[in-house]
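Numbering (the numbering used here), first residue to last: 73 to 208. Glycine included, C-beta positions come from ideal geometry on N, C-alpha and C.
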């Protein structure tokens, strides 16, 4: 489905919903604390190339130039979710509006999971926490 269509002197410019979804997903993933968007979001560069990165972003039209986004997010363990969510909403809005000219009326987030650190990261976390407890 096409979202924005604009006529110029040289022809039409059409922005597809998948483009909006990809921009939103990438903007969300720029924020510290976001592990990925969607349950099956891009986990590596090959997923990006295959255009799987837009998964987890729902684009809804409110009118011709007004859009509502809903993004499914998996957060990294230890993230302050309310703080991270506010930053994601602002970054997504800023990037989608800047790149497409569309107005975003809503950027809704569904926090769907927590990505747990690997064993080495957990050991580092526990060592740091143990040292802090000893200092108290």
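**Request:** Report back the beta-carbon spacing between residue 129 and residue 97 to the nearest angstrom; my notes put them in contact at under 8 Å.
**Result:** Numbered from its first residue, the chain shown carries residue 129 at position 57. Numbered from its first residue, the chain shown carries residue 97 at position 25. Sure, about 5 Å apart at Cβ, within 8 Å.
**Message:** Does residue 137 come out as helix, strand or coil in the three-state DSSP assignment?
**Reply:** Your numbering for residue 137 matches position 65 in the chain shown. Correct three-state label for residue 137: coil.
**Message:** Under 8 Å: do the region 132-146 and the region 178-190 share three or more Cβ pairs, one atom per stretch?
**Reply:** Taking 8 Å as the limit for Cβ pairs, the verdict is that the region 178-190 does touch the region 132-146.
**Asked** Going straight from the alpha carbon of residue 153 to that of residue 188, what length do you get?
**Response** Position 81 of the chain shown holds residue 153. Position 116 of the chain shown holds residue 188. Near 15 Å, if we compare the C-alpha coordinates of residue 188 and residue 153.
**Request:** Closer than 8 Å by C-beta to residue 84: which residues in its own chain qualify, once you throw out the five before and the five after it? Chain order, please.
**Result:** As a working note, residue 84 is residue 12 in the chain shown. Here the set comprises 77 and 78.
**Message:** What would DSSP say about residue 98, mapped onto helix, strand or coil?
**Reply:** Within the chain shown, residue 98 is the residue found at index 26, counting from 1. Residue 98 falls in the helix class under three-state DSSP.
**Message:** Is it buried or exposed, residue 173, if we count other Cβ atoms within 10 angstroms and call 16 or more buried?
**Reply:** Mapped onto the chain shown, residue 173 falls at position 101. Label assigned to residue 173: exposed.
**Residue of 161, 88 and 175 minimising C-alpha distance to residue 134** = Within the chain shown, numbered from 1, the residue matching residue 134 stands at position 62. Nearest option by C-alpha distance: 175.
**Item:** Runs of beta strand (DSSP E) wholly within the region 148-188 (minimum 3 residues, chain order)
**Value:** 175-187
**Prompt:** Among all the DSSP beta bridges, which residues are the ones paired with residue 81?
**Reply:** Working through the chain shown from its first residue, we reach residue 81 at position 9. Answer is none; residue 81 lacks a bridge partner.
**Asked** In chain order, what residues of the same chain have a beta carbon less than 6 Å from the beta carbon of residue 108, not counting five sequence neighbours either side?
**Response** On the chain shown, position 36 is the one that residue 108 refers to. Correct list, in chain order: 146.
**Prompt:** Applying the criterion that 16 or more other CB atoms from any shown protein chain within 10 Å of the CB defines a buried residue, is residue 80 buried or exposed?
**Reply:** Against the chain shown, residue 80 aligns to sequence position 8. So residue 80 counts as exposed.
**Request:** Keeping to the same chain, check which residues put their C-beta closer than 7 Å to that of residue 131; ignore five residues upstream and five downstream.
**Result:** On the chain shown, position 59 is the one that residue 131 refers to. Taken in chain order, the residues that qualify are 75, 89, 92, 93, 139 and 141.
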